[in-house]
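Just so you know, we're using the working numbering here: the sequence shown kicks off at 85 and counts up by one.
All residues carry an ideal CB built from backbone N, CA and C; glycine is no exception.
Below is one structure; the comments refer to it alone.
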Amino acid sequence: MRRTPEQAEQTRLKVIDAGLRLFSRHGYSGTTLAMIAKDAGMSRGPIYWHFKNKDELFEAVIAYSQTPLQALVDTARADTPDPVDRLSSFIMGWFDLLVDDKRHRQSFEILMNKTELTQRMARTVRRERELTRAIIELFETLIGQARQHGLLPEGDPAPALALQTYTYLMGVTQTWLFAPRLFSLREQKDYFHRKCLAALYDRAAASPASHGTVSG
């Protein structure tokens, strides 16, 4: 019986969900298409119908699981009056996704702790770098707008503060995913949110060292 487009999409998402579970558990190299097929309750045939190989499936898994983060970026870009409020909402949204969205959390576990990023994953790496750049540039824009409206004090250059904000978020994320018993992110997220915002109100003058834009 010929499958409807809806059924085909359901099968595709079922494969992606199984891939996400196993990649986050065993890493890229430790996961096979046979394992994914078994977890999804199907043969390898339907997998090859949607994906040419494991690399293509891996790319789809990461892209799918990080859709909520991209949505968070798009929301923060919206033209609302208060750029500080948009930045604050993004920071809290980042922590909320980690705590409440299992798929999103698993994508970070795969990329940060479970997978060696080789040349075979060049497209995935490129996509992740583009998303990283987009987030940092978003922070820079919001900080600049906030200063223009007198909502944040002058001080260190906006590009430096944007990079600082991103590395703060990634530092908390990496630490928690690597050692989840070290602290409860659900209980501590309000504290981390306040501290991240507080750093933007530091009026300390910029250091003599030059502050460049993000490269790479």
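*Around the C-beta of residue 226, are 16 or more other C-beta atoms found within 10 angstroms, so that it is buried, or is it exposed?*
Residue numbering aside, residue 226 sits at position 142 when the sequence shown is read from its first letter. Buried, by the Cβ-count rule.
_For residue 214, which residues in the same chain have their Cβ closer than 7 angstroms to its Cβ, ignoring the five residues on either side in sequence?_
The count along the sequence shown starts at 1 and reaches residue 214 at position 130. Closer than 7 angstroms at the Cβ level, and outside the excluded window around residue 214, lies no residue.
*Shortest alpha-carbon distance to residue 114 belongs to which of 235, 206, 260, 199?*
Locating residue 114 in the sequence shown gives position 30, where the first residue counts as 1. Residue 114 has its Cα closest to that of 199, out of 235, 206, 260, 199.
*Identify whether residue 203 lies in helix, strand or coil by the three-state DSSP scheme.*
Within the sequence shown, residue 203 is the residue found at index 119, counting from 1. Here residue 203 sits in helix by DSSP.
_Cut-off 6 angstroms between Cβ atoms - residues of its own chain near residue 296, not counting five sequence neighbours on either side_ = Taking the first residue of the sequence shown as position 1, residue 296 is located at position 212. Below a pLDDT of 50, predicted positions are generally treated as unreliable, and residue 296, at 43, falls in that range; no measurement from the model is reported.
*How about residue 49 and residue 283: are their beta carbons less than 9 angstroms apart?*
The structure shown does not extend to residue 49, since the chain is modelled only from 85 to 300, so the question has no answer here.
*Below 8 angstroms CB to CB, which residues in the same chain sit around residue 301 once its five sequence neighbours on both sides are set aside?*
Residue 301 lies beyond the stretch modelled for the chain, which goes from 85 to 300, so this question has no answer here.
*Would you identify the three-state DSSP class for residue 85, choosing helix, strand or coil?*
For the purposes of this step, residue 85 is taken as residue 1 along the sequence shown, with counting starting at 1. Residue confidence for residue 85 is low, a pLDDT of 49 falling below 50, so the modelled location carries little weight; the figure read from the coordinates is stated next. Of the three classes helix, strand and coil, the one that applies to residue 85 here is coil, per DSSP.
*Three CB pairs or more closer than 8 angstroms across the segment 257-276 and the segment 136-153*: no
*Closer than 8 angstroms by C-beta to residue 157: which residues in its own chain qualify, once you throw out the five before and the five after it? Chain order, please.*
On the sequence shown, residue 157 is found 73 positions in, with the first residue counted as 1. Once the five neighbours on either side are set aside, the close Cβ partners of residue 157 are 174, 215, 218, 219, 222.
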